[in-house]
Amino acid sequence: MAEHTSNNTRVVITGMGIVAPNGVGLSDYEQALREGRSGIAFIPRLADLKFGCQVGGIPPVEQHHIDACLTPLQVRNFDSDGIIYGMIAADEAWKQAGLELGNEQFDPQTGVIFGTGTSGIEKLNASMKMVDEQKVRRLGSNVVIQTMASGVSAFIAGHIGAGNQVTTNSSACTTGTEALLMGYRHIKAGYAERMLVGSTCEHGPYLWAGFDAMRVTSQRYNDVPQKASRPMSASAAGLVPGGGAGAFVIETLESALKRKAPIIAEVLGGQINSGGQRGGGTLTAPNPKAVRRCITDALTSADVAGHEIDLINGHLTATAKDPDEVAAWVDVLGGEKSAFPYLQSTKSMVGHCLSGSGAVELVATALQIQHDFVHPSINSEDLHENIAALVPREKIPQQTISASIKTAIKASFGFGDVNGCVVLRQYNS
Amino acid sequence: MNDAQFFDRLKEIISPYVQNQEAFTDLKEDTRFIEDLQINSANLVDVVLDVEDAFDIEIDNDSMEKMLTVEASLKVIKEKLEG
């Protein structure tokens, strides 16, 4: 551990990467966010399987994206999309941060915390069938590396030569936000100079079936897929599942300045907590007190007052919980209704990328800080009355607007009654 | 199939797993899979499965453990084909 590190260590984002349903790569994704482009489409396989929700968000990954970061041998008999998405996003983040690949040495000052909910469900399905057919000896060598939860962080660590802690976190839909905060704390504590963090989510019927069975998915808009994800809308009908990954290189300000790395934003602080499945919290619903506490603690950790927040990137999934979430933001941030910050749901365009959602949406948040804009929350034209009562319509834009976003806050909430909240700020030397 | 054809067929099978192309170009009977071709040891299992498919044979674990060079692999393949 370096002696100079302390709680005053500043941590900045120097690289980002993205694989989202509406864009692969930062420039494509930024363009999609500005245009309000939906990545949600009708998925015939879901219809064939008689899903209630037959729409979803699948990233438009092409072979050249894969070839840029994985060898033909690595992707031989590969059937674990989450690892591929994580690798593409991590590769972009690493390169944007100006860091080298192909170094023969491992770097003890670089670690990886890259989360996921599941890994290689399709691979597992094929393997289980072979096992049941008594063909275990014919499985081949790569079932474990594609289906172990930590597969994604292992692949990334090998790609960049990480020699610090390499692990995968998992906290349902909080995973990506949690990964960024865990990496931030690891650096603040002096254990590493640099962390590659983020999260990924595979997709497909075997992952999405459980959500469909719970009836938490949007099942009324199969004929108009791009209207199906409707966060904050009075006609919201549930979440639209998606897949994808977001990645960040975060490092000490000192390291970034020394390397003359581009600084995208500063991580000011945040909080990760749980409602303990008490006080209204359950395995599938958040304890409202804990949500408020998480946001309050994040602001305290960042040393930021509620009125300093310019943009809220909410969890906002298009379920009945959206008005409750907005009420929590209003309670904690305080102030006059007219002074409320911009509020948005990236899920309106990408759907709910589940374990990838926190990272995918944090990339959107950081891009808006970097490039001074607020992306629209599409399909919110009929704002839910309980939200309209709390937030001025113009603070939930339906078209992209230009605005200086100095300080933004992002929250994610997950099954298990877990919460994560991060505060990001424009870098100012 | 003559010896040269067996050799070429095996060379084709191991090709996707090879990480040292120089040694592969210069493939010989005594070339070692791990040390010379730098095939990941985990991939030896995949080489054996591909050999099974290519020659329609079954290779038991004892035979598989011997398949560490070109020569040893060809010997196992021929033994299994002769049954």
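First to last, the sequence lines map onto chains A and B.
Numbering-wise (our numbering), the first sequence opens with residue 28 and increments by one.
Numbering-wise (our numbering), the second sequence opens with residue 194 and increments by one.
All C-beta atoms in this analysis are idealised placements derived from N, C-alpha and C, irrespective of residue type, glycine included.
Given residue i as reference, the closest of the options once Cα atoms are compared
i, options, result
"Q136 of chain A", "A:M222, A:A438, A:S382, A:A47", "A:M222"
"E408 of chain A", "A:I423, A:N455, A:H402, A:V418", "A:I423"
"R61 of chain A", "A:P403, A:N455, A:V449", "A:P403"
"V401 of chain A", "A:N413, A:K433, A:E412, A:F78", "A:K433"
"N398 of chain A", "A:A435, A:S384, A:S365, A:L417", "Per the sequence presented here, residue 398 of chain A reads as His, with Asn not at that position. Checking every option, the nearest Cα to that of H398 of chain A belongs to A:A435."
"Q132 of chain A", "A:G138, A:T227, A:P99, A:G190", "A:G190"
"A184 of chain A", "A:M259, A:Q90, A:G237, A:N130", "A:N130"
"T481 of chain A", "B:V211, B:D201, B:L220, B:N195", "There is no way to answer for residue 481 of chain A, as the model of chain A reaches only from 28 to 456."
"R247 of chain A", "A:S54, A:T373, A:G83", "A:G83"
"Y56 of chain A", "A:D330, A:A355, A:L394", "A:L394"
"D196 of chain B", "B:E228, B:N213, B:A216, B:E222", "B:E222"
"A416 of chain A", "A:I148, A:D337, A:V357, A:V387", "A:V357"
"L284 of chain A", "A:I70, A:N104, A:I67, A:G125", "A:G125"
"T227 of chain A", "A:H411, A:S54, A:P86, A:L370", "A:P86"
"N104 of chain A", "A:Q426, A:V170, A:D337, A:T145", "A:V170"
"I70 of chain A", "A:N249, A:I299, A:S282, A:Q425", "A:N249"
"Q182 of chain A", "A:N300, A:L100, A:Q426, A:Y369", "It is worth fixing the name first, because residue 182 of chain A is Phe in this sequence and not Gln. Closest by alpha carbon: A:L100."
"N236 of chain B", "B:E258, B:A216, B:D201, B:E251", "B:E258"
"Q123 of chain A", "A:N300, A:A329, A:K287", "A:K287"
"G296 of chain A", "A:D324, A:S328, A:T311", "A:S328"
"I299 of chain A", "A:S146, A:T323, A:A255, A:V158", "A:T323"
"S338 of chain A", "A:Y369, A:A312, A:D330", "Correcting the residue identity first, residue 338 of chain A is Leu in this sequence and not Ser. For L338 of chain A, the nearest C-alpha among the options comes from A:Y369."
"A236 of chain A", "A:A255, A:I336, A:L266, A:R64", "A:L266"
"P252 of chain A", "A:P48, A:N49, A:G147, A:I67", "A:I67"
Sequence-distant residues of its chain with Cβ nearer than 6 angstroms to residue i (five each side left out)
i, result
"T32 of chain A", "Residue confidence is low: T32 of chain A scores 46 on pLDDT, short of 50, so the model does not pin down where it sits. Its coordinate-derived value is still stated next. For T32 of chain A, where only same-chain residues beyond five positions count, the Cβ hits under 6 angstroms are G217."
"F78 of chain A", "D239"
"L280 of chain A", "R37, V39"
"A74 of chain A", "Q81"
"K437 of chain A", "N340, L389, T392, V449"
"M28 of chain A", "Confidence at M28 of chain A is low in this model, with a pLDDT of 42, below 50, so its placement is unreliable and the value that follows should be read with caution. G217, listed in sequence order."
"A199 of chain A", "G441, F442, G443"
"K150 of chain A", "D106, S107, Q173, T174"
"M260 of chain B", "S266, V269"
"K254 of chain A", "Y248, N406"
Integer-rounded CB distance, given that residue j should sit under 8 angstroms from residue i
i, j, result
"I277 of chain A", "V46 of chain A", "With a Cβ gap of about 19 angstroms, I277 of chain A and V46 of chain A do not count as contacting."
"N413 of chain A", "S375 of chain A", "About 18 angstroms separates the two Cβ atoms, so there is no contact after all."
"T202 of chain A", "A176 of chain A", "About 11 angstroms; that fails the 8 angstroms criterion."
"S439 of chain A", "G383 of chain A", "No, S439 of chain A and G383 of chain A are not in contact; Cβ-Cβ is about 11 angstroms, not under 8 angstroms."
"A261 of chain A", "S245 of chain A", "No, A261 of chain A and S245 of chain A are not in contact; Cβ-Cβ is about 14 angstroms, not under 8 angstroms."
"R165 of chain A", "L230 of chain B", "At roughly 23 angstroms, the Cβ-Cβ gap does not stay under 8 angstroms, so R165 of chain A and L230 of chain B are not in contact."
"I140 of chain A", "G188 of chain A", "Between G188 of chain A and I140 of chain A the Cβ distance is about 16 angstroms, and since that is not below 8 angstroms, they are no contact."
"G167 of chain A", "D239 of chain B", "5 angstroms"
"C380 of chain A", "G270 of chain A", "6 angstroms"
"G378 of chain A", "P268 of chain A", "6 angstroms"
"M259 of chain A", "S372 of chain A", "6 angstroms"
"T427 of chain A", "G63 of chain A", "7 angstroms"
"L274 of chain B", "I250 of chain B", "6 angstroms"
Own chain, CB closer than 7 angstroms to residue i, minus 5 neighbours either side, in chain order
i, result
"C96 of chain A", "M114, I115, D118, H186"
"H92 of chain A", "V51, I115"
"N455 of chain A", "none"
"T462 of chain A", "Given a span of 28 to 456 for chain A in the structure shown, any question on residue 462 of chain A remains unanswerable."
"P419 of chain A", "K364, S365, F367"
"I396 of chain A", "A292, I432, A435, L451, Q453"
"G138 of chain A", "A189, N191, Q192, V193, H213, A219, M222"
"S429 of chain A", "D399, F400"
"L220 of chain B", "K204, V263"
"T195 of chain A", "F141, G142, T143, A176, S177, V179, S180"
"E89 of chain A", "none"
Beta-bridge partners of residue i, as assigned by DSSP
i, result
"E293 of chain A", "A:V39, A:R452"
"N446 of chain A", "A:N300, A:F440"
"L266 of chain A", "A:T244"
"V401 of chain A", "A:I428"
"T344 of chain A", "Per DSSP, none; premise fails for T344 of chain A."
"F457 of chain A", "Because chain A in this structure spans residues 28 to 456, residue 457 of chain A falls outside the shown range and cannot be described."
"H379 of chain A", "A:P268"
"C200 of chain A", "A:S198"
Close-in-space but distant-in-sequence residues of the same chain around residue i (CB under 8 angstroms, 5 per side omitted)
i, result
"A120 of chain A", "G42, M43, G44, L223, G225, A274, F275, V276"
"F199 of chain B", "L267, I270, K271"
"G333 of chain A", "L326, V359, L360, G361, G362"
"G306 of chain A", "N314, P315, K316, A317"
* Touch test, the segment 224-233 of chain A against the segment 104-116 of chain A, Cβ-Cβ under 8 angstroms, three pairs minimum -> Contact holds between the segment 224-233 of chain A and the segment 104-116 of chain A, because three or more Cβ pairs, one in each stretch, are under 8 angstroms apart.
* Contact between the segment 345-354 of chain A and the segment 308-319 of chain A: three or more CB pairs below 8 angstroms? -> yes
* **Contact between the segment 191-209 of chain A and the segment 438-446 of chain A (3+ Cβ pairs under 8 angstroms)** => yes
* Decide yes or no for the touch test of the segment 337-345 of chain A against the segment 205-213 of chain B: beta carbon pairs closer than 8 angstroms, at least 3 of them. => no
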